[in-house]
Every structure is written in structure tokens, then in C-alpha cells.
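A.B. asks:
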Amino acid sequence: MSDITEETLNTILPLEILDKSIGKEIQVLMSNDKEFYGTLIGFDDFVNIVLENVKESDGSGSSDKVIKKMLLNGGQISMLVPKI
1 MSDITEETLN TILPLEILDK SIGKEIQVLM SNDKEFYGTL IGFDDFVNIV LENVKESDGS
61 GSSDKVIKKM LLNGGQISML VPKI
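Structure representation (C-alpha cells):
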């Protein structure tokens, strides 16, 4: 019998959650209080992420402008909220 416990089997790593979120809507909160809402289409090990059909919000409400594709620097990301 192996040393794998049920708790080990239920462990999900952060990058696994991002991987499962590809193609889905995600909310990104930045360290400068801006928020972006869009579809996650890719990311790397540094959590630099690529979004498409992005709407930006700076706390005063969402803008009507939609950005077709956007690359966000992982070092400036405070929180990612996937809609799983």
C-alpha cells in the first residue's frame, strides 16, 4: 500500500485551478486597484496571463470598452477569481 492519503488526493494546486479555468470567465484584481474581467486563454509559471474580450474597471464602474486581447503581468496581480 502506498503512503498516499485521501487528503493528498484532494489537494489542488493553484496552477491547476488556472489550468481548469482556461476558456472560462475570470476576474483579475490588480495591485493598483484596477479590475479586469475576461476569458482566460493562457498563462505561464509566473502567472502572467492572457485574457480576451476584456472589460476594465477602476472602482468607479465598468467601462463599455472591450479590449480584444490583453497580457497581464503576474507580478502585478493581487487576486484571480475564476468562475468555475
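The opening residue of the sequence shown carries number 1 in the UniProt record's numbering; numbering runs sequentially from there. Backbone N, C-alpha and C define an ideal beta-carbon position, used for all residues, glycine too.
1. In angstroms, rounded to a whole number, what distance separates the CA positions of K68 and N10?
2. First and last residue of the alpha helix (DSSP H) that includes L13?
3. Helix, strand or coil for K65? Go by DSSP, reduced to three states.
4. Helix, strand or coil: which one does DSSP assign to S57?
5. Do the CB positions of M30 and L51 come within less than 9 Å of each other?
6. First and last residue of the beta strand (DSSP E) that includes F46?
C.D. replies: In this structure, then:
1. Along the sequence shown, one-based indexing puts residue 68 at 68. Along the sequence shown, one-based indexing puts residue 10 at 10. So the alpha carbons of these two residues sit roughly 36 Å apart.
2. Here residue 13 refers to the residue found at position 13 when the sequence shown is read from its first residue. First-last for L13: undefined, no H or E at that position.
3. The sequence position of residue 65 within the sequence shown is 65, counting from 1. Of the three classes helix, strand and coil, the one that applies to K65 here is strand, per DSSP.
4. In the sequence shown, the residue the question calls residue 57 occupies position 57. Annotated three-state conformation of S57 is strand, per DSSP.
5. Taking the first residue of the sequence shown as position 1, residue 30 is located at position 30. Taking the first residue of the sequence shown as position 1, residue 51 is located at position 51. The Cβ atoms of M30 and L51 lie no closer than 9 Å to each other.
6. Within the sequence shown, residue 46 is the residue found at index 46, counting from 1. Premise fails: F46 is in no beta strand (DSSP E) and is neither H nor E.
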